[in-house]
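> So that we are looking at the same thing, I have put the structure below in structure tokens.
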Amino acid sequence: MTTKTQKLLSLLNGQPVIPVLKIERAADAVPLAAALARGGLKAIEITLRTAEAVEAIRRVAAEVEDCIVGAGTILNARQFDEAVAAGSKFIVSPGITRELLAAAGPSDVPFLPGAITPSEIMAAREAGLDFLKFFPAEQAGGAAFLKALASPIADVKFCPTGGISAKNAMDYLSLPNVVCIGGSWVAPDDMVKAGDWKGIEALAAEASKLRK
Ligand code: 3PG
């Protein structure tokens, strides 16, 4: 296992589910992160899919002591650097590019990029990565697909995301090559919009009890 994977695993500290967040209003970031942390999900991924995402990361990093904030949907080196400067403790990307590998290489911040096919996973492995995101998990073949990779590529572990919810979470968590899963189901858009922090805390509490 690489040093950066070890670092990321120690940040995750056995947390089974990483909330994948799309934050439209930066003002929601702190109460949302605090609610998830109260529910037991301290490591979160704020995706750069909204205009206020970087500001949301900045606020959470500065104000929510309990939270380990990561950045997601990082598509290029500029976003990588911007997310790290905002205080991200880990960086997630839907895929792997040469530009991202060059940005991630010298950085101390762990990088969790996506890969699906055996060739993509082997290329990532050659680049020194042994913990990958498997995205979009359900659409790409689901738990059965990921299970089939466990024997031939046994030394690579995954965080599947995409189409995962409380219903199918255990299909993934029970696999030997899955460390944790990610998903947006613990912070649904309508609950965030309504500021239903208690409701989100309850969803997080349920998700945090899922066990490998
Ligand atoms: C991701 O970026 O990890 C996914 O968009 C999360 O997928 P979900 O919204 O289906 O959970």
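All letters in the sequence shown, in the order written, are residues 262 to 473 by my numbering. Every residue, glycine too, gets a C-beta built ideally from N, C-alpha and C. Predicted, not measured: the structure shown is a model, and the values here were computed from it.
From this set, Pro280, Ala314, Gln276, Leu273, which residue's C-alpha is nearest alanine 287's C-alpha?
If you number the sequence shown from 1, residue 287 lands on position 26. The shortest Cα separation from alanine 287 among Pro280, Ala314, Gln276, Leu273 belongs to Ala314.
> Contact between the segment 347 to 359 and the segment 370 to 382 is defined here as three or more beta-carbon pairs at a separation below 8 Å; is this criterion met?
These segments touch.
> Using only the heavy atoms of the ligand 3PG, determine whether one of them is closer than 7 Å to the beta carbon of serine 354.
Within the sequence shown, the letter at position 93 stands for residue 354. Outside the cutoff, so no.
> Just list the residues that DSSP pairs isoleucine 329 with in beta bridges.
On the sequence shown, position 68 is the one that residue 329 refers to. Beta-bridge pairing links isoleucine 329 to Ala304.
> Are isoleucine 307 and valine 330 close, meaning C-beta to C-beta below 8 Å?
In the sequence shown, counting from the first residue as 1, residue 307 sits at position 46. In the sequence shown, counting from the first residue as 1, residue 330 sits at position 69. Cβ distance < 8 Å, so isoleucine 307 and valine 330 count as in contact.
> Should phenylalanine 396 be counted as a contact of the ligand 3PG given a C-beta to heavy atom distance under 7 Å?
To locate residue 396, count along the sequence shown from 1; it is residue 135. Yes, the beta carbon of phenylalanine 396 sits closer than 7 Å to at least one heavy atom of the ligand 3PG.
> Straight-line CA distance for isoleucine 382 to proline 367?
Position 121 of the sequence shown, counted from the first residue, corresponds to residue 382. Position 106 of the sequence shown, counted from the first residue, corresponds to residue 367. Roughly 21 Å separates the two Cα atoms.
> How many Å lie between tryptophan 458 and glutamate 387 at the Cα?
Position 197 of the sequence shown, counting from 1, holds the residue named residue 458. Position 126 of the sequence shown, counting from 1, holds the residue named residue 387. If I take the Cα positions, the gap works out to 42 Å.
> Could you check where the beta strand (DSSP E) with isoleucine 377 kicks off and where it finishes?
Numbered from its first residue, the sequence shown carries residue 377 at position 116. Premise fails: isoleucine 377 is in no beta strand (DSSP E) and is neither H nor E.
> Alpha carbon to alpha carbon, how far is proline 379 from lysine 408?
Taking the sequence shown and counting its residues from 1, the one referred to as residue 379 is at position 118. Taking the sequence shown and counting its residues from 1, the one referred to as residue 408 is at position 147. Each residue's alpha carbon lies about 12 Å from the other.
> Determine the contact status of serine 469 and glutamine 340, defining contact as a CB-CB distance below 8 Å.
By 1-based counting over the sequence shown, the position of residue 469 is 208. By 1-based counting over the sequence shown, the position of residue 340 is 79. No, Cβ-Cβ distance for serine 469 and glutamine 340 is not below 8 Å.
> Is the beta carbon of alanine 398 closer than 8 Å to that of alanine 385?
As a first step, residue 385 is located in the sequence shown; it is residue number 124 there, counting from the start. As a first step, residue 398 is located in the sequence shown; it is residue number 137 there, counting from the start. Contact: no.
> For the pair the segment 444 to 464 and the segment 318 to 336, tell me if three or more CB-CB distances fall below 8 Å.
Verdict: no, contact absent.
> Please list the terminal residues of the continuous alpha helix (DSSP H) segment that includes proline 292.
Here residue 292 refers to the residue found at position 31 when the sequence shown is read from its first residue. Its alpha helix (DSSP H) spans residues 290 to 299.
> Does the distance from the C-beta atom of glycine 246 to that of isoleucine 461 stay below 8 Å?
Residue 246 is absent from the structure shown; the chain starts at 262 and stops at 473.
> Give the straight-line distance between the Cα atoms of leucine 362 and alanine 304, rounded to the nearest whole angstrom.
Position 101 of the sequence shown holds residue 362. Position 43 of the sequence shown holds residue 304. Those two C-alpha atoms are separated by around 23 Å.
> Using only CA atoms, which one of Glu285, Pro421, Leu273, Ala338 lies nearest to cysteine 328?
In the sequence shown, residue 328 corresponds to position 67, counting from 1. Taking only the C-alpha atoms, the option nearest cysteine 328 is Leu273.
> Have a look at leucine 434 and aspartate 342 and give me their C-alpha separation to the nearest angstrom.
Taking the sequence shown and counting its residues from 1, one reaches residue 434 at position 173. Taking the sequence shown and counting its residues from 1, one reaches residue 342 at position 81. C-alpha separation (whole angstroms): 31 Å.
> Are valine 440 and phenylalanine 419 touching if we call contact CB-CB under 8 Å?
If you number the sequence shown from 1, residue 440 lands on position 179. If you number the sequence shown from 1, residue 419 lands on position 158. Yes. Within cutoff.
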